[in-house]
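Let me begin by presenting the structure, written as structure tokens, before commenting on it.
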Amino acid sequence: MVAARPVRHHGGVPDYRLISILVVVGAITLALVVIGSGASVTVTIG
26 MVAARPVRHH GGVPDYRLIS ILVVVGAITL ALVVIGSGAS VTVTIG
């Protein structure tokens, strides 16, 4: 896989940092979407 190769943008930093950042951003985005949809459902019901 292409993503398995280490990327060397900043002096040989492996791409696991980029992957971890993407995972964190995705988790935060998913949490915000879930909270937002839950809040809208609560407002609609209430």
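Residues in the sequence shown are numbered consecutively from 26, following my numbering. Think of the CB as a built atom: it goes at the ideal place given N, C-alpha and C, for glycine as much as any other residue.
Taking the C-alpha atoms as reference points, what is the distance between residue i and residue j?
{"i": "T69", "j": "D40", "result": "43 Å"}
{"i": "S65", "j": "L47", "result": "27 Å"}
{"i": "S62", "j": "A52", "result": "15 Å"}
{"i": "G44", "j": "T54", "result": "Before going further, note that residue 44 is Ile rather than Gly in the sequence given. When rounded, the distance between both Cα atoms is 15 Å."}
{"i": "R42", "j": "A56", "result": "21 Å"}
{"i": "V49", "j": "T67", "result": "27 Å"}
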